Amino acid sequence: MKVILRLIAQRIGVSLITLLIVSAVVFFIANLLPGDAAQEMLGQSATPEAVAELREAYGLNDPPPVRYAKWLGGLLTGDAGVSLANDRPVDALIGERLSKSLLLAGFTAVLAVPFAMVLGIVSAMYSGSRIDKAVNIFTLSMVAVPEFLLATILVLIFAVELNWLPSLSYIPRDATAYDYFRAFAMPVVTLCIVLSAQMARLTRAAVVEQLSQPYVEMALLKGATLSRAVLRHALPNAVGPIVNAIALSLSYLLGGVVIVEVIFNYPGVASLMVDAVTNRDMPLLQACAMLFCVGYLILVLIADISAIVANPKLRKGG
Amino acid sequence: MRSQLSALPVSGKIGLSLVVFWVVLAIIGPFITPYSASELVAYDVFESFSGKYWLGTDYLGRDVLSRLLDGARFTIFIPLAAAGLACATGTFIALFAAVSHRRTDETISRFMDALISIPSKIFALVMIAAFGSSVPILLTITAISYMPGSFRLARSLAVNVANMDFVTVARTRGESRAYLAVKEILPNIVHPMLADFGLRFVFVVLLLSSLSFLGLGVQPPQADLGSLVRENISGLAEGAPAVIIPAIAIATITIAVNLLIDSLRGGATYSAGSK
Amino acid sequence: MKPEYRFSDSRRAMLKAMGAAGLVTAASGLMVPGHVLAQTPENAQTQTPKYGGRIRVASTSVSTKDTLDPAKASLSTDYMRIYMLYSGLTQFNRELGADLSLAEVLESDDQQTWQITLRQGVTFHNGKSLTPQDVVYSLMRHKDPATTSRVAPIAAQFIDAKVTGPNSLSLTLASPNADLPIILASANFCVVAEGTTDFTRTANGTGPYTLAEFSPGVRTIARKNPDFFKPGRPYLDEIELVGIADESSRVNALLSGDIQMALALNPRSTKRVRRSGNCDVMQTESGLYTNLIMRQDVYPTNNPDFVLAIKYMMNRPLIKRALFRGYATIANDHPVPPSHRYYNADLPQRPYDLDRARYHLKKAGMTGARVPVFASPAAEGSTDMAALLQLAGIETDLKLGINRVPADGYWSNHWMKHPLGFGNINPRASLDELFSLFYKSDAPWNESGWQNPQFDQLLLAARGEGNEQVRKQMYGDMQTLIAEQCGVSIPVFLNIIDGYDKRIKGFYPIPTGGFMGYSFAEHVWLDA
Amino acid sequence: MTNHVEVNQLRVDVGPLESPKTIVHDVSFTLKRGEVLALIGESGSGKTTIALSLLGYARPGCRLSSGAVNVGNDNMLALNEKQLADLRGRKVAYVAQSAAAAFNPSRRIMDQVIESALMHGVLNREQAKVKAVDLFKQLALPEPDTIGARYPHEVSGGQLQRLMAAMALICEPELVIFDEPTTALDVTTQVEVLKAFKAAVKAYNTTAVYVSHDLAVVAQMADRILVLQHGKVMENNVTSQILNHAEHTYTRQLLSAVQDSDAFQDNPKHDTVLEVANIEAGYGKILRDGSVEIPVLSDISLKVRQGQTVGIIGESGSGKSTFARVIAGLLPAAKGYMLLNGKELKPAIDERSKAECQHIQMVFQNADTALNPAHKVGDILGRPLTFFHGLTGRARAERVAELLELVKLPADLAHRKCGALSGGQKQRINLARALAAEPTVILCDEVTSALDTVVAAAILDLLEELQQKLNIAIVFISHDISTVKSLCDEVVVLYKGKKVEHASGKAFRAGPYHPYTELLVSSVPTLDPLWLDTKPDGHEQTAVRIAQNDALCRFRNRCSVSIQGQCDSLPPPEHKLPEGKRILCHKDMAL
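Line by line, the protein sequences give chains A, B, C and D. Going by the UniProt record's numbering, the letters in the first sequence line up with residues 1 to 318, in that order. Going by the UniProt record's numbering, the letters in the second sequence line up with residues 1 to 275, in that order. Going by the UniProt record's numbering, the letters in the third sequence line up with residues 1 to 528, in that order. Going by the UniProt record's numbering, the letters in the fourth sequence line up with residues 1 to 591, in that order.
1. Per DSSP, methionine 362 of chain D forms a beta bridge with which residues?
2. Please classify tyrosine 252 of chain A: does DSSP put it in a helix, a strand, or coil?
3. Helix, strand or coil for tryptophan 366 of chain C, going by three-state DSSP, please let me know.
4. Quick test of the definition: if touching needs 3 or more C-beta pairs under 8 Å, does the segment 256-263 of chain C touch the segment 340-350 of chain C?
5. Could you name the residues of the segment 366-380 of chain D whose beta carbon sits closer than 8 Å to any beta carbon of chain B, in the order they occur along the chain?
6. Output yes or no for whether 8 Å exceeds the beta carbon distance between isoleucine 94 of chain A and cysteine 288 of chain A.
7. Given a cut-off of 8 Å on the beta-carbon distance, is the pair isoleucine 312 of chain D and isoleucine 477 of chain D in contact?
8. Between asparagine 188 of chain B and chain D, is any beta-carbon pair separated by less than 8 Å?
9. Can you confirm whether methionine 164 of chain B, when its beta carbon is compared against all beta carbons of chain D, has any partner nearer than 8 Å?
10. Could you check the C-alpha separation between proline 406 of chain C and alanine 223 of chain B for me, to the nearest Å?
11. Determine the extent of the beta strand (DSSP E) in which aspartate 179 of chain D is found, giving its start and end residues.
12. Assess, as a yes-or-no matter, whether the segment 261-274 of chain C is touched by the segment 46-64 of chain C under the definition of 3 or more beta carbon pairs within less than 8 Å.
13. Below 8 Å, can you find three or more Cβ-Cβ pairs linking the segment 328-346 of chain C to the segment 424-431 of chain C?
14. Less than 6 Å between C-beta atoms, sequence neighbours within five positions excluded: which residues of the same chain meet that for lysine 143 of chain C?
15. Does the distance from the C-beta atom of isoleucine 459 of chain D to that of glycine 424 of chain D stay below 8 Å?
16. How many Å lie between glycine 287 of chain C and asparagine 258 of chain B at the Cα?
17. Using a C-beta cutoff of 8 Å, does leucine 330 of chain D count as contacting chain B?
18. Grab the span of the alpha helix (DSSP H) containing phenylalanine 136 of chain D for me, first residue to last.
19. The segment 372-400 of chain C: which residues have C-beta closer than 9 Å to a C-beta of chain B, in chain order?
20. Buried or exposed: where does asparagine 163 of chain B fall if 16 or more other Cβ atoms within 10 Å of its Cβ makes it buried?
21. Can you list, in chain order, the residues of its chain with a C-beta nearer than 6 Å to that of valine 120 of chain A? Leave out the 5 residues immediately preceding and following it.
22. Looking only at its chain, what residues have a beta carbon closer than 7 Å to the beta carbon of valine 243 of chain A, apart from the 5 residues adjacent to it on each side?
23. Taking Cβ positions only, does valine 169 of chain B come closer than 8 Å to chain D?
24. Report back the beta-carbon spacing between leucine 65 of chain B and proline 30 of chain B to the nearest angstrom; my notes put them in contact at under 8 Å.
25. Against chain B, with Cβ distances strictly below 8 Å, would arginine 370 of chain C count as a contact?
26. On the criterion of 16 or more Cβ atoms from any shown chain inside 10 Å, does proline 16 of chain D qualify as buried, or is it exposed?
27. Between C:Asp432, C:Asp397, C:Ser441, C:Asn177, which lies nearest to aspartate 297 of chain C when the distance is taken from Cα to Cα?
28. According to the neighbour-count rule (16 or more other Cβ atoms, all chains shown, within 10 Å of its Cβ), is valine 229 of chain B buried or exposed?
29. Throw me the rounded Cβ distance for the proline 373 of chain D and glycine 419 of chain D pair, which I believe falls under 8 Å.
30. Under three-state DSSP, which class holds aspartate 384 of chain C?
31. Determine, using beta carbons only, whether isoleucine 402 of chain C comes closer than 8 Å to chain B.
32. Is serine 271 of chain A close to the ligand FMN? I mean its beta-carbon at under 7 Å from any heavy atom of the ligand.
33. Say whether chain D places a C-beta atom closer than 8 Å to the C-beta of alanine 205 of chain A.
34. Counting Cβ pairs closer than 8 Å, one from the segment 456-476 of chain D and one from the segment 556-567 of chain D, do we hit at least three?
35. According to DSSP, is asparagine 167 of chain C helix, strand or coil?
36. Can you tell me whether methionine 282 of chain C is helix, strand or coil according to DSSP?
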């Protein structure tokens, strides 16, 4: 326990540095973008004067470093700023979307992780066998299909032809569990297919590596069945790398799901960030970047913690 | 070489032959197109297979086969180059980190974390909006977005190897850091990095097709296979070959590369990762 | 992001002598209280409208830029939203004319000072009743930079507006403009309550629907406004307005019944929609066009022969057929669609003629030259047009290199900034507005930087000209000038294709945009 | 009485079915109930493979192709996986070579010990735990009631090995297989473990198969010995016969390798090449007084003379390997100084000149990890040549050939990668690489401990020969006292980082000894089968954290002769004995 607390403590410190880097990087590349919020706002009705006025209003006339400093200062005082595109506070804007994104991510994770692990473990247990090869081909073909194609096919089949599921993921107010199921079925399946393959393959690798360890042979020689040797002996020691792989894959679920959000018209944070880019809405863009980074760091942290919990040596802080 | 070939398992041989097939096609493709890839040859769009247009026609009535032959090279060579670049840079930075002092190592790792956490699609969106979409830019973007991943792997491997006696021996000899990294460590992490390269390749292929979905792909009238799928997606309902064939092409390429890499990895007797 | 949504959407309406609505000519300037049209839309011949029901409507744009402020409205979704929640002094009709809406009388003797009398007993959603002050405020706020109005350039001609009575006001223009009624019909000029400055969450209009929910970039839900000033309107209980950027998703949503109306479909999708049985498409022939811009202030595009060559290299039939599957109207390198009553029919159609193209290229000394052309998804069909032009170039030995740049930032960073590039211009109801915005020498968006004094004189003259025949003649000549000399090539006009569930009744095309120029809300009803 | 175990014409193959390579050739032997059979042979002789076949188990890639393996009335080769699983652990149990690796690091010891009992439903959890604790007691494990609650990494190697035995015995199997169970242990620990095993086997009248390469150990355990080479049976006979009337040449080699060759000739004295004075080194941060947080070595001094061998001896944890690292500069000393050829030698490698690096070369214990598997032998040997002497091309190739010849390896090895080589060959290359630098001092860290007896003996001979030829100084670090005895001109005995004894080779061979040295010497098994039974009990090393600069004798709580009120209160005095022998102890050394 002590170890974990210490880890968390030092991680938070490190994470702050990472976040700083991210914000700087994002701010830098976003400044490469042609045009600015003022122009985007006024579009073609942008007379030079009008643009100038708006720039002043947005404080876009300050040199970039100053703007960055201001933004950072604001953030430190807990103020993420106001969206330039629509004068709402950024945190409110993100808040609405984040809950939705987390919901989608959550459902996907719940489905994808066990699925992937089962695939990985099974193919590890029978590594080299037909099953293994079959799973291998299966997982490969799963990654090999562009997700937008996958999603469209699903829509065509289940929404357009069979009319079982809605083609858009809207959650009606006062939605029942069934509504949720209908709304999420297709996006979740799409994402699962995209993610599972990677996790399954890494799970397999991790377990196979453990299977070559003497203690697994020992378990077999104690009369343990193969499945017992794998599940009770090998798996606990493979947890480290597995959770790491899972963490990396899941980090995709926040920022990576633009396409799914577009196709199913699901209002998540990814498309919000795209919006922020097109509107040159720096405060929003920055906030999103921060968000994704935090999400990533948290996932990695969780991974490391569970690795520690799984490994008594690390647990004791040895 | 020959012996290595025969040593490959069946899956490996299949993979190899497919890879070779595609690479060859990518090279000679543009020269053997039955029609000009950008010419509107047919009035009917989304035609199915026919003697005239073997793979049918696309949404503008262009010959799909010609488009395919012409587009393959983008889906082969950009990812090859990008994945190669990503793995190479990732590996070398990782080696550098592994043999440097803890502080340097830390800083690099933090920076990489930062890079990883920026969604690649959005990164691409920004970069292309800023610099326009050209093959070099696409290459750079994809390479940058997948480099940190390779770095993570390479570093963990390198750190393992760095603690092994033969590296210590070299250190007691007073060898330079560069020598330790390149001559002693690198050869022992090459195999797992190769496997990694295969995965990166797939990722880049898919990222490219995702980009084409967002309208950020290669410049028309050229189109990588992903763009072909995307621009003909409306033909999916009537099951037009224009959308199905490129999709299958992408699938075979990615699967082939991985089958090959997997079988190579299987052949690799020594992996520092497992020590 | 398509300019079709970015441009001020004020439309030109023909002030027809004895127009279908029996209006008095604009010369006499008097308009009788406009009675509402669309009693008999073609897709609902004899049926009497039913009440109730809720529908979901999908537009093409979804962005955090969504706004409730008429002045800021810039995307199709915005226009629909605004027309749901607000109403203007006038509104468009199917003949591209303007009927009166909030205004009861809108008259002028000199087309410069207009007298406006408001309809009685109109109330805002919050119960406040409509006053001239509200209108004055709504008109003049566009001139305030803080409003960041999309129609500021147009509003610039409002010199002064003052209240002249309990429910009347007068509006003075900088110069005569017979098209004011049409200009006022645009969404941006809808009337808001006096003093309203915060539009982030609430919309207090006089429109047929009241705001129930608004989340930018997600959706807008509007409920029936029981106190709507038009008797018996509206019909639906609730409209949910969403944006679906991806066309194929939009079609799929329509076909799977998740939405009942889908704006702006791809011509390639019409077959599927029709085949489905329960859905259909409506075509709106409009003045919307995607054009090739040849800057007149830089080499080589400033060479008139080069310009002509390019115009001859435009394979219009092929573009109409292949790119738009026939859902387009062949254009003649000027922005006036054949359907327009000022259309110059005597002007011979420019053919696809590579020999003449070669001749002019040779004359321009451009044979074998290499020129980059900028296209973008932002300008509908431009990339494919460029591809076709490139092919023609191969024939005529002109090497055109296509630069496809992302839609993002196209309008601020590429449009009009390259010697050879594409633009995409929305239907303008008023030829005067269209010409003054895009072709006058000092036009704010003189795409090709075309300087032609003769054209400018004609334009000014036409503005004050009362006589229809003379006016038509003048506009005819202007079209000729553009077609012959201007540095833009306009191959075709794009038809707007909307998909809808067959149970949706009561609407008809208005050439200014999809779904009745986005103003469907108060007209449609659900036959279920 | 019928045979309990019968192995008949057993053949084991590896590789593809079509072109198999046979690693065990038609081996047959029998065992009566309660007998202990030893399988002895060098690695690759197939002894482990045969042992595993008694569980009907073949390592991945291997196949039990033909023959019969009967345990009781089951033919292990005829049973299917399920039936085998039922027998394994219950009827036939296995004790693996490295307990550290064979215990699952992430599960508590008790769970693993009783697992087979539960799996086979022999006992319920409660009974099993009670039984386990009994076994712990029998096997003389400390804190038998609580040790089960620990994790494998929390107990010492010797204890793990015995816990492994408990794990094997929990179901009271008819047959137990010990696979080199003590190879990884210190001599002093080995004694204890062997005792425990012997007692346990007797107690349960278990039939046992004991796999080892160490004849002396086997002599203590086995009733019969079966000598293997290249998968063939060389000799199979009762222990006494093998020890006294060995017929087969290979058996004789084994025997001769054990008897320590006292044929030692003093090297002529030379001038000092390396001097180490009052070294203190360790880990953690440096404290104000210059000492380190966790000291490993304190106040070590010695001189290394040209052409001579200095032996450093001690158990694991004595800090002997650390000492090598200090000299090599890998772990900079915190205190003290070093002189190389009279000139000061900087503590840290980074501060040392190329020449200084060249003069001190290190030979690592484990050649498998010390040679880069990705490099060709030629490159491994060539690099120092290029690095130190700028040799390239032909010159370099020729020198490499010379070096290979020097270590008695065929020249064509230069083009092979070292992965395929045998342990002995690797160790020779490992040595040759050090020589390539033409150093003045070689640090040999446990160079033989990973090798089979015979091979090890050969390496040692080579080492001596080379020293004669090249006249280099060797620091020979080892836990094997007999080797040190036979090899070294000077011996330093370390205990927990402190020097307890320092003597010339001659004086060392003569004794008397420090009690600790005494213990080490007496712990080395001899070929006398009765040796083990006559050993007094319990001086196994217990992990005691060294208190800061504690000057008292660190061996006192293990010492059989420690004197109350002296050893635990005063620092041990230094006895100077004839021939410059020095011992730090309170015991009166005069007698």
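Ideal Cβ positions, reconstructed from N, Cα and C, are used throughout, including at glycine. Note that the coordinates shown come from a computational prediction; the quantities given were computed from them, not determined experimentally.
The answer reads as follows:
1. Taking the fourth sequence and counting its residues from 1, one reaches residue 362 of chain D at position 362. When beta bridges are read from the DSSP output, methionine 362 of chain D appears opposite D:Leu443.
2. Within the first sequence, numbered from 1, the residue matching residue 252 of chain A stands at position 252. In the three-state reduction of the DSSP assignment, tyrosine 252 of chain A falls in the helix class.
3. The residue labelled residue 366 of chain C in the question sits at position 366 within the third sequence. Inspection of the sequence shows that residue 366 of chain C is occupied by methionine rather than by tryptophan. Methionine 366 of chain C falls in the coil class under three-state DSSP.
4. No, because fewer than three Cβ pairs between the segment 256-263 of chain C and the segment 340-350 of chain C fall closer than 8 Å, the two stretches do not touch.
5. Here the close residues are Asn366, Thr369, Ala370, Leu371, Asn372, Pro373, Ala374, His375.
6. Taking the first sequence and counting its residues from 1, the one referred to as residue 94 of chain A is at position 94. Taking the first sequence and counting its residues from 1, the one referred to as residue 288 of chain A is at position 288. Yes, the Cβ-Cβ distance between isoleucine 94 of chain A and cysteine 288 of chain A is below 8 Å.
7. Within the fourth sequence, the letter at position 312 stands for residue 312 of chain D. Within the fourth sequence, the letter at position 477 stands for residue 477 of chain D. Closer than 8 Å, so yes.
8. The count along the second sequence starts at 1 and reaches residue 188 of chain B at position 188. With its beta carbon less than 8 Å from one in chain D, asparagine 188 of chain B belongs to the interface.
9. Locating residue 164 of chain B in the second sequence gives position 164, counting from the first residue. At least one C-beta of chain D is nearer than 8 Å to the C-beta of methionine 164 of chain B.
10. Translated into the one-based positions of the third sequence, residue 406 of chain C becomes position 406. Translated into the one-based positions of the second sequence, residue 223 of chain B becomes position 223. Approximately 15 Å between the Cα atoms of the pair.
11. Position 179 of the fourth sequence holds residue 179 of chain D. Here the beta strand (DSSP E) through aspartate 179 of chain D covers 175-179.
12. Proximity of the segment 46-64 of chain C to the segment 261-274 of chain C meets the contact definition, three or more beta-carbon pairs being nearer than 8 Å.
13. Verdict: yes, contact present.
14. Here residue 143 of chain C refers to the residue found at position 143 of the third sequence. Hits under 6 Å: Ala155.
15. By one-based count along the fourth sequence, residue 459 of chain D stands at place 459. By one-based count along the fourth sequence, residue 424 of chain D stands at place 424. Isoleucine 459 of chain D is a Cβ neighbour of glycine 424 of chain D, given a cutoff of 8 Å.
16. Residue numbering aside, residue 287 of chain C sits at position 287 when the third sequence is read from its first letter. Residue numbering aside, residue 258 of chain B sits at position 258 when the second sequence is read from its first letter. Cα-Cα distance, rounded: 53 Å.
17. One-based indexing of the fourth sequence puts residue 330 of chain D at position 330. At least one chain B Cβ lies under 8 Å of leucine 330 of chain D.
18. Numbered from 1 along the fourth sequence, position 136 holds the residue referred to as residue 136 of chain D. Its alpha helix (DSSP H) spans residues 125-138.
19. Across the segment 372-400 of chain C, CB contacts with chain B closer than 9 Å involve Ala375, Ser376, Pro377, Thr383, Asp384, Ala386, Ala387, Leu388, Gln390, Leu391, Ile394, in sequence order along the chain.
20. Taking the second sequence and counting its residues from 1, one reaches residue 163 of chain B at position 163. The residue is exposed, with fewer than 16 neighbouring Cβ atoms inside 10 Å.
21. Here residue 120 of chain A refers to the residue found at position 120 of the first sequence. The identity of residue 120 of chain A in the sequence shown is glycine, whereas the question assumes valine. Excluding positions up to five away in sequence, the list reads Ala200, Thr203, Arg204.
22. Position 243 of the first sequence, counting from 1, holds the residue named residue 243 of chain A. Excluding its 5 nearest sequence neighbours in each direction, valine 243 of chain A has C-beta neighbours in its own chain below 7 Å: Ala303, Ser306, Ala307, listed in chain order.
23. Looking up residue 169 of chain B in the second sequence gives position 169. True, the Cβ-Cβ gap to chain D drops below 8 Å.
24. For this step, residue 65 of chain B is matched to residue 65 along the second sequence. For this step, residue 30 of chain B is matched to residue 30 along the second sequence. Not really, about 12 Å apart at Cβ, beyond 8 Å.
25. To locate residue 370 of chain C, count along the third sequence from 1; it is residue 370. Among the residues facing chain B, arginine 370 of chain C is not included, as its CB has no counterpart in that chain under 8 Å away.
26. In the fourth sequence, counting from the first residue as 1, residue 16 of chain D sits at position 16. Counting Cβ neighbours within 10 Å, proline 16 of chain D comes out exposed, since fewer than 16 surround it.
27. By 1-based counting over the third sequence, the position of residue 297 of chain C is 297. Nearest Cα to aspartate 297 of chain C within the set C:Asp432, C:Asp397, C:Ser441, C:Asn177: C:Ser441.
28. As a working note, residue 229 of chain B is residue 229 in the second sequence. The residue is buried, with at least 16 neighbouring Cβ atoms inside 10 Å.
29. Within the fourth sequence, residue 373 of chain D is the residue found at index 373, counting from 1. Within the fourth sequence, residue 419 of chain D is the residue found at index 419, counting from 1. The beta-carbon separation of proline 373 of chain D and glycine 419 of chain D, rounded to 5 Å, stays under the 8 Å limit for a contact.
30. On the third sequence, position 384 is the one that residue 384 of chain C refers to. DSSP places aspartate 384 of chain C in helix when its eight states are reduced to three.
31. Translated into positions along the third sequence, residue 402 of chain C becomes position 402. Residue contact with chain B for isoleucine 402 of chain C: present (Cβ-Cβ distance below 8 Å to some residue of chain B).
32. As far as ligands go, the structure on display features none, and thus does not contain the ligand FMN.
33. If you number the first sequence from 1, residue 205 of chain A lands on position 205. Contact of alanine 205 of chain A with chain D is not assigned, every C-beta pair being separated by 8 Å or more.
34. Segments in contact, no.
35. Here residue 167 of chain C refers to the residue found at position 167 when the third sequence is read from its first residue. Looking at asparagine 167 of chain C - three-state DSSP - the assignment turns out to be coil, as it is neither helix nor strand.
36. The sequence position of residue 282 of chain C within the third sequence is 282, counting from 1. In this structure, DSSP gives methionine 282 of chain C an extended state, which the three-state scheme calls strand.
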